[in-house]
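Number of protein chains: 2
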Amino acid sequence: MSRLLAELGAIVGPEGCLSRDEELFAYECDGLTLHTARPSAVVFPRAREQVQAIVRCCRSHGVPFVARGAGTGLSGGAIALGGGVVVECSRMNRVLAIEPVDRFAVVEPGVVNQDLSRAAAPFGLFYAPDPSSQLVCTIGGNVAENSGGPHTLKYGTTANHVLGLELVLPDGEVVELGGPTGAAPGYDLVGAVVGSEGTLGIVTRATLRLSPIPERVETLLAIFSDVVSACRTVSGIIEAGLVPAALEIVDQRTIRAVEASVYAAGLPTDAGAVLLIELDGPAVALPPQIERIRRLAQGAGALRIEVARDAKERQRFWRARKGAFGAMGRLAPDLYVHDAVVPRARLPEVLAAVCAIGDRYGLRLSNVFHAGDGNLHPNISFDRRDPGELERVMEAGAEILRACVEAGGVISGEHGIGSEKREYMGLVFSDADLGAMLRLRGAFDPDGVCNPGKIFPTTRFCAESNPKARGYDRVPFA
Amino acid sequence: MSRLLAELGAIVGPEGCLSRDEELFAYECDGLTLHTARPSAVVFPRAREQVQAIVRCCRSHGVPFVARGAGTGLSGGAIALGGGVVVECSRMNRVLAIEPVDRFAVVEPGVVNQDLSRAAAPFGLFYAPDPSSQLVCTIGGNVAENSGGPHTLKYGTTANHVLGLELVLPDGEVVELGGPTGAAPGYDLVGAVVGSEGTLGIVTRATLRLSPIPERVETLLAIFSDVVSACRTVSGIIEAGLVPAALEIVDQRTIRAVEASVYAAGLPTDAGAVLLIELDGPAVALPPQIERIRRLAQGAGALRIEVARDAKERQRFWRARKGAFGAMGRLAPDLYVHDAVVPRARLPEVLAAVCAIGDRYGLRLSNVFHAGDGNLHPNISFDRRDPGELERVMEAGAEILRACVEAGGVISGEHGIGSEKREYMGLVFSDADLGAMLRLRGAFDPDGVCNPGKIFPTTRFCAESNPKARGYDRVPFA
């Protein structure tokens with residue numbers, strides 16, 4: 001180990017390598033605090049060549065490695081299961097180019113999501129994917145997790161905005177995938193790498209699509225006596241052929257938590273649900289859309305519909321949505337933010353099932369969700385010190401995932417699988433489906449040293465499909 | 001061979017299997033008539049189980065197989081190089097489901113592109129990718145080639161509209177990739193399969209995103225004295241933050257060919273170029289966009305700008321664009337339709353270079369192109385019976401590709417690599433980049449029996465990277 005540390009120190013300089021226990025503590029978990037694993041070392045490369053040297057060094061020592069951005073991920077994707085080297089990319093944070101005519105940017109992986117939009121703004125452009133953590137999360141992590149956000153409905157996830165990647169493969173080779181024109185002959189490995197949760201290599205550069213800043217944004221807040229009517233409005237809007245930028249629902253339990261917190265947005269606590277609708281586009285196009293949505297919401301039983309008069313009011317509307325996690329987090333020491341997707345048409349029944357599951361386990365569960373995408377986020381506030389509470393949270397979580405899958409959904413919308421949900425992959429995928437993914441993994445990381453223990457279940461199945469795989473299936477976590 | 005034929009006949013029925021020379025003739029080439037190869041047999045499966053049985057049968061006989069749709073591809077992707085079984089999917093042509101609330105369709109691979117939009121129309125929806133061959137080409141082929149079309153600028157290519165695939169792998173295993181919610185945990189193999197030109201398996205079912213039919217469409221035709229001004233207008237429109245549905249340029253040589261043909265659209269034959277601009281969206285949003293574009297075009301030197309008054313006039317405008325291939329094809333017995341992409345900002349210089357190359361080789365070369373995407377289509381009319389003409393066409397084509405790559409572009413925008421451009425992959429990709437693709441191929445088709453001889457160059461490099469590969473690099477074509 002000391003030789004490994006000496007070699008890593010020689011690559012990144014002594015100030016770029018942490019190895020003392022008190023330094024490593026901060027890298028034991030990411031946004032999923034339930035899963036922890038202490039790395040052997042954390043290194044901070046400044047350039048592709050250093051990433052390449054780190055990967056080669058780790059391999060020569062037979063030590064796994066894990067790329068990490070800001071550590072805001074919610075599925076335990078950025079922890080070094082079983083120990084290993086964390087490659088922290090925050091020092092690779094330069095915006096290398098912005099091309100306004102061809103509308104793309106070239107960035108290093110440590111660039112903070114919102115900083116890219118800020119850099120593009122003078123050209124009338126922005127970077128569309130907007131995960132809730134966009135003030136701190138980095139492009140490298142967004143690429144790894146294929147991050148979405150409230151505006152995924154109109155703009156798509158990260159995958160829709162990555163044109164090219166420079167990647168250090170698990171054997172230290174550097175490849176360039178895709179490119180600025182967006183057209184890429186041969187296999188689309190960009191698509192395969194986006195969302196691969198850091199298991200196929202380490203991204204050292206990304207070419208990203210920039211979008212024109214819309215001329216006008218309008219934000220509406222519709223208040224309903226029950227969540228079913230809010231869902232019906234969402235379906236009505238989609239069926240009418242409208243494409244809002246965002247359609248977000250906050251349920252009654254969340255409203256009450258928010259209104260009792262510092263995030264209070266003046267919402268009626270007896271409301272059953274609020275629906276936040278954001279429209280963007282040419283200024284003249286929005287008033288008729290607002291009118292159609294108003295009629296659709298009224299037809300579905302909306303009690304009240306407000307249109308934000310200015311930026312301040314828009315912020316107040318969004319506060320109810322964006323403060324949900326914070327408000328729920330204040331109710332108890334621990335918060336579990338779930339993530340699953342169901343077909344939009346099945347939202348009302350699945351929500352009822354999710355609430356019933358929470359009640360059955362006696363848990364404080366509330367829902368905020370990207371309704372337009374059918375992307376649910378049930379939040380559970382709890383205290384792991386209470387005997388049996390953590391077990392009930394985990395069992396309820398498993399039941400929620402099962403309910404979503406039974407409704408035709410999947411077990412993750414934007415948080416990824418990581419260490420959190422690897423045992424649930426069998427709910428959605430057959431052995432053959434998982435086997436196809438493992439073929440890809442085996443082709444790039446035959447020894448299983450690149451972020452091992454993530455995505456794939458720890459079943460006999462995996463060991464059998466990949467006799468050569470060392471790391472996939474035997475890595476424990478605390 | 002006769003045992004193979006007997007087994008194939010048992011799978012698909014005798015009327016579903018062609019093997020006589022005069023029957024196979026029609027399957028010797030696809031839209032790229034320069035490359036020919038006669039298959040050993042052509043089979044017409046009706047269901048996934050039959051595709052699976054065909055694949056297993058071919059493997060057991062050590063015979064390669066090639067999926068084929070309507071055969072409209074332009075890069076030789078659907079021919080059986082070195083002989084082999086063509087799996088013709090036209091009988092698998094059912095639209096299995098259309099889901100208006102969740103906006104997706106489930107189809108078999110033999111569904112004709114335009115038939116899907118027709119089936120979706122009663123729900124106010126359409127399937128956005130619109131290759132020029134959409135009246136006959138099929139979804140399976142569109143998926144294989146990641147087909148684009150004139151409206152790629154706004155709507156993206158096929159990859160942006162495929163949510164899920166059912167695939168028979170080269171070993172006969174069936175996997176389901178992705179799904180209707182569009183969210184797919186684990187690796188995005190859908191993205192890797194779209195555009196893989198039939199080399200990773202045979203698609204037996206596709207789940208496709210449907211889009212709302214826009215409320216209004218407006219089509220403009222701007223006439224310029226030279227192509228540089230038309231390109232400058234395109235850049236200006238993009239820089240202004242406008243997102244037209246299509247931005248197509250037809251150059252002077254094409255205008256003259258069109259006006260001298262049955263496709264005549266009343267264009268001035270002394271014009272240097274015409275720019276076709278299509279806008280779609282909410283009705284009220286379009287007039288201000290038309291005004292902005294009019295000012296931009298006038299500022300760039302447009303001689304005249306017309307707005308189509310009705311559907312008939314819109315068709316006339318498009319005739320100049322859509323008739324280009326036909327008109328050029330009538331000038332000589334052979335037509336070579338090229339395909340390459342350059343960054344939009346580099347269009348004027350690359351066009352000049354392309355025309356100079358054509359002139360230097362004494363060829364009849366004209367350009368129509370998806371200017372908004374930087375996707376060039378130089379067309380060369382020629383007669384392969386003239387001594388030396390074919391060689392000049394091929395040499396000019398190579399020079400054109402090199403010029404595009406030197407300008408930061410790539411060697412294919414939407415036609416794929418196929419057998420046509422495999423030797424040019426080295427212009428865009430390093431050995432490491434190609435090696436990464438071959439790792440994927442090797443993981444799914446280690447013996448190289450699934451559409452062999454396509455995409456990858458026949459160099460020593462490939463044989464070395466894949467010692468097990470039998471078919472990739474040694475397959476000749478006529």
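Those protein sequences? They're chains A and B, same order as listed. Under my numbering, the first sequence has 383 at position 383, and the numbering climbs by one with no breaks. Under my numbering, the second sequence has 424 at position 424, and the numbering climbs by one with no breaks. The beta carbon of each residue, even a glycine, is placed where N, CA and C say it ideally should be.
Here's the rule: buried if 16 or more other CB atoms are within 10 angstroms of the residue's CB, otherwise exposed. What is residue i?
i, result
"S75/B", "buried"
"P122/A", "exposed"
"P109/B", "buried"
"L135/A", "exposed"
"P170/A", "buried"
"P476/B", "Summary for P476/B: the model assigns pLDDT 35, below 50, so the residue's position carries little reliability; its value from the coordinates is reported in the next sentence. Exposed, because fewer than 16 other Cβ atoms sit within 10 Å of the Cβ of P476/B."
"S147/A", "buried"
"E464/A", "With a pLDDT of 43 at E464/A, under the threshold of 50, the modelled position of this residue cannot be trusted; read the value that follows with caution. Exposed: under 16 other Cβ atoms inside 10 Å."
"Q315/B", "exposed"
"F126/A", "buried"
"T219/B", "buried"
"S430/B", "exposed"
"D383/A", "exposed"
Compare the C-alpha of residue i against each of the options and name the closest.
i, options, result
"S133/B", "L163/B, Q114/B, A6/B, I290/B", "Q114/B"
"L34/A", "G156/A, V393/A, P150/A, A352/A", "V393/A"
"A222/A", "S147/A, A443/A, R294/A", "R294/A"
"G149/B", "E395/B, A407/B, G374/B, C404/B", "G374/B"
"R157/B", "H370/B, A403/B, E173/B", "It should be pointed out that residue 157/B corresponds to Thr in this sequence rather than to Arg. It is H370/B."
"Q52/A", "G172/A, G71/A, D251/A, A308/A", "G172/A"
"G71/B", "I255/B, G418/B, L401/B, E22/B", "G418/B"
"G413/A", "R103/B, G179/B, K421/B", "G179/B"
"R48/B", "T204/B, L8/B, G409/B, H415/B", "T204/B"
"C404/B", "P378/B, D445/B, I139/B", "P378/B"
"V95/A", "L116/A, E88/A, C89/A, R344/A", "L116/A"
"D102/B", "Y263/A, L242/A, D334/A, A10/A", "L242/A"
"V112/B", "G409/B, L153/B, T138/B", "T138/B"
"I530/B", "V55/B, G31/B, D21/B, I202/B", "Residue 530/B cannot be examined here, being either before or after the span of chain B that is shown, 1 to 478."
Would you say residue i reaches chain E, if we count a Cβ-Cβ gap shorter than 7 Å as a contact?
i, result
"S412/A", "In the structure shown, chain E cannot be found, because the protein chains are A and B."
What are the boundary residues of the beta strand (DSSP E) that residue i is part of?
i, result
"N379/A", "375 to 382"
"G281/A", "273 to 281"
"A206/A", "202 to 209"
"G178/A", "174 to 178"
"Y336/A", "334 to 337"
"A67/A", "65 to 68"
"R46/A", "Segment: none, R46/A is in no beta strand (DSSP E) and carries neither H nor E."
"V85/B", "85 to 88"
Could you please give me the residues that DSSP links to residue i through a beta bridge?
i, result
"H370/B", "E248/B, N375/B"
"P122/A", "P122/A pairs with nothing; no bridge assigned."
"T138/A", "V112/A"
"F104/A", "E99/A, R209/A"
"R304/B", "I223/B"
"R216/B", "G281/B"
"C450/A", "F65/A"
Taking the continuous alpha helix (DSSP H) assigned at residue i, which residues delimit it?
i, result
"I411/A", "Element bounds for I411/A: n/a, residue is neither H nor E."
"L510/A", "Outside the displayed range of chain A (1 to 478) lies residue 510/A, so it cannot be described from this structure."
"V162/A", "That residue, V162/A, is in no alpha helix (DSSP H); its beta strand (DSSP E) goes 162 to 168."
"R441/B", "431 to 444"
"M328/A", "324 to 329"
"E291/B", "286 to 299"
Is residue i near the ligand SAM, judged by its Cβ being under 6 Å from some heavy atom?
i, result
"A144/B", "Looking at this structure, you won't find the ligand SAM or any other ligand, since it has none at all."
Could you pull out every residue in the same chain whose Cβ sits closer than 8 Å to the Cβ of residue i, ignoring the five residues on either side in sequence?
i, result
"N451/A", "P64, F65, V66, A67, G77, E197, G198, T199"
"A398/A", "Y424"
"L296/B", "T233, G236, I237, A240"
"V350/B", "V342, L376, A403, C404, A407, G409"
Between which residues of its own chain and residue i is the CB-CB distance below 7 Å, once the five residues before and five after are set aside?
i, result
"V162/B", "V143, V190, V194, A206, L208"
"M1/A", "S40"
Please list, in chain order, all residues of the same chain as residue i whose beta carbon is under 6 Å from its beta carbon, the five residues on each side excluded.
i, result
"P282/A", "E215"
"H151/A", "D130, A245, A246"
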